[in-house]
Structures are given as C-alpha cells and as structure tokens.
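Here the structure is laid out as structure tokens; the discussion comes afterwards.
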Amino acid sequence: MVYTIIVHLQASSPENAEKLTKKLVEAASIYRKDKYQTKKLCKSFQHPSTPSIFNLCSSWLVHHDPKDPLKFAIVERFLNEDSQKYHLENPYWATFDPYVQPLLSHPIHENLTRWEELDVPVKNQDSA
Numbered sequence: 085m086v087y088t089i090i091v092h093l094q095a096s097s098p099e100n101a102e103k104l105t106k107k108l109v110e111a112a113s114i115y116r117k118d119k120y121q122t123k124k125l126c127k128s129f130q131h132p133s134t135p136s137i138f139n140l141c142s143s144w145l146v147h148h149d150p151k152d153p154l155k156f157a158i159v160e161r162f163l164n165e166d167s168q169k170y171h172l173e174n175p176y177w178a179t180f181d182p183y184v185q186p187l188l189s190h191p192i193h194e195n196l197t198r199w200e201e202l203d204v205p206v207k208n209q210d211s212a
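Sequential numbering from 85 applies to the sequence shown in the working numbering.
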C-alpha cells in the first residue's frame, strides 16, 4: 500500500531556520539517491495500467511556508513498509535527527502524520 508521511517542522529561531533549510536540502539530496528513488527500480515496479515510470516510486520532498520563514514540511511518499524501512536504515538518519531536533520549537514526532492513498480508478502520473 502506498502511503505518505507529512512532517511539519517549526524552527525555534530565524538562525535555526537557516540551519534547518541547509540540512533539509542536504537530506533531500541524499534521500533522493535511495534505491527506491531510482528510475531503474521504479521501472521494475511499473504497473501496465499506468504510463509513468515513477508511478510506484518513493519520494522525499521538502517545503517551506512562504508566509512564515520558521515553518517547513517534509513530504515522504513510500511504496510500502519495506521502502520506509530501507529509508530509515540509511546511515544518514543517524546524523539527521540529532542535528535537527535541537533546531525545532517542538519534537518532530509531535507533528508527523501518515496518510494512505485512496484507490482512484483514474490514475495520474504519481499514483500507484
């Protein structure tokens, strides 16, 4: 089952927002190289009914709030539990979490939600 985790982050200060921005960009650059992110693997998961080769890929996107420079969001889309397990076993996670937590006004886990995709009969390029 394809699902998405959305994490809302708020930096505790403008200085920490700058550090958080750099860390999120670095993390996205690293996580986008995970095996579940590659075109080759995505092609192997391609379902015949969907034209996009990215239809079952995981993704790791970072966003900022255009109205509040202290607010950020991470949107992680996972193929299945194995893809999330692989993501969490990436050695980078051991450095990411301890670095980011002190920059935040609230712990990461307080603003983390999981969403499961609805089965929609008409697929878009990102649907599984």
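Backbone N, C-alpha and C define an ideal beta-carbon position, used for all residues, glycine too.
For residue i: DSSP bridge partner residues
| i | result |
| --- | --- |
| Gln94 | Lys155 |
| Leu188 | Ala95 |
| His147 | Ala157 |
| Arg116 | In the DSSP output, where bridge partners are listed per residue, Arg116 has none listed. |
| Trp199 | Thr88 |
| Phe162 | Tyr87 |
Expected contact under 8 Å - CB spacing of residue i and residue j to nearest Å
| i | j | result |
| --- | --- | --- |
| Leu188 | Lys103 | About 11 Å separates the two Cβ atoms, so there is no contact after all. |
| Val159 | Thr88 | 6 Å |
| Ile90 | Ala178 | So it is not a contact: roughly 23 Å between Cβ atoms. |
Burial state of residue i, where buried means 16 or more other Cβ atoms lie within 10 Å
| i | result |
| --- | --- |
| Trp144 | buried |
| Arg161 | buried |
| Ala111 | buried |
| Leu172 | exposed |
| Val223 | With the chain running from 85 to 212 in the structure shown, residue 223 is simply not present. |
| Val206 | exposed |
Spatial distance of residue i from residue j (CA atoms)
| i | j | result |
| --- | --- | --- |
| Lys117 | Ser96 | 29 Å |
| Ala101 | Gln94 | 8 Å |
| Lys151 | His92 | 15 Å |
| Asn164 | Pro153 | 32 Å |
| Pro175 | Leu202 | 32 Å |
| Gln57 | Lys106 | Limits of the chain in this structure are 85 at one end and 212 at the other, which puts residue 57 out of reach. |
| Gln130 | Pro98 | Confidence at Gln130 is low in this model, with a pLDDT of 48, below 50, so its placement is unreliable and the value that follows should be read with caution. Taking the straight line joining both Cα atoms gives about 43 Å. |
| Leu108 | His148 | 10 Å |
| Gln185 | Ile192 | 7 Å |
| Lys155 | Ser113 | 20 Å |
| Thr197 | Tyr183 | 21 Å |
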